[in-house]
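Novice: In short: position in the sequence shown from 1, add 15, done, that's the working numbering. Got a structure here, written out as structure tokens. Questions coming.
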Amino acid sequence: MHLTDERTGLEYIPRDECLELLRLRSLGRIGVVVAGRPVVLPINYTVDGGSIVFRTDVGTKFDAAVRGEFVAFEIDDADPNYHTGWSVLLTGVAEEIIDAEERRRAEMLPLRPWAPGAKSHYLRITPVTISGRRIAEPAADS
16 MHLTDERTGL EYIPRDECLE LLRLRSLGRI GVVVAGRPVV LPINYTVDGG SIVFRTDVGT
76 KFDAAVRGEF VAFEIDDADP NYHTGWSVLL TGVAEEIIDA EERRRAEMLP LRPWAPGAKS
136 HYLRITPVTI SGRRIAEPAA DS
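See the structure below:
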């Protein structure tokens with residue numbers, strides 16, 4: 016039984032289920048702040064333990080990681096026919112994987128870039144918070 020927000024009617028997804036949903040997907044969105052403004056970008060990723068790992072080149076996502084600032088990461092699913100869906104959001108700090116042993120391990124993960132380019136930098140988002148919410152199918156009228 017999931018807890019439900021009395022105000023919104025949304026179900027809260029427990030942390031373990033959030034992690035499982037993250038493992039079932041490979042495309043999400045990272046949110047970073049650039050020049051004081053939020054920017055949301057798609058990334059393909061994999062879950063490694065309880066963290067998110069992705070590859071990138073030097074640029075917006077890489078810059079956010081080397082600054083050590085908080086980022087947001089989100090995945091979701093929706094069914095427009097039934098007006099149901101869910102989302103998982105995590106916040107944490109993104110860091111480049113530079114330790115040689117960790118880097119070798121990251122290179123063995125099932126993570127191949129979708130977009131062109133070398134994507135030679137491996138980044139890890141270690142979550143501080145993980146939350147999920149679900150819009151459930153309404154109960155049938157009696």
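Just so it is clear, CB atoms sit at the ideal spot from N, CA and C, and this is done for glycine as well.
1) Helix or strand or just coil, what does DSSP make of E84?
2) Just how far apart, CA to CA, sit H17 and I28?
3) Output the distance between the C-alpha atoms of G132 and D72, rounded to the nearest integer angstrom.
4) Check whether the stretch 118–135 and the stretch 93–104 touch, using three or more Cβ-Cβ pairs below 8 Å as the test.
5) With a floor of 3 residues, list each beta strand (DSSP E) that falls wholly inside the stretch 48–80, ordered by position along the chain.
6) Going by DSSP, what residue range makes up the beta strand (DSSP E) through L138?
7) In whole angstroms, what separates the C-alpha of R44 from that of P57?
8) Return the CA-CA distance between R38 and D92, expressed in angstroms with no decimal places.
9) Quick one: what's got a C-beta closer than 8 Å to P53's C-beta in the same chain, skipping five residues either side?
10) Compare the Cα-Cα distances from R127 to each of D31, V55, G51, R70 and report the closest residue.
11) Determine the closest residue to D78 out of L42, A109, C33, V55, with distance taken between C-alpha atoms.
Specialist: Let me lay it out:
1) coil
2) One alpha carbon belongs to H17, the other to I28, and they sit about 7 Å apart.
3) 7 Å
4) Contact between the stretch 118–135 and the stretch 93–104 is absent: fewer than 3 CB-CB pairs across the two stretches fall below 8 Å.
5) You should have 52–59, 61–63, 66–71.
6) 136–150
7) 4 Å
8) 14 Å
9) G46, V47
10) R70
11) A109
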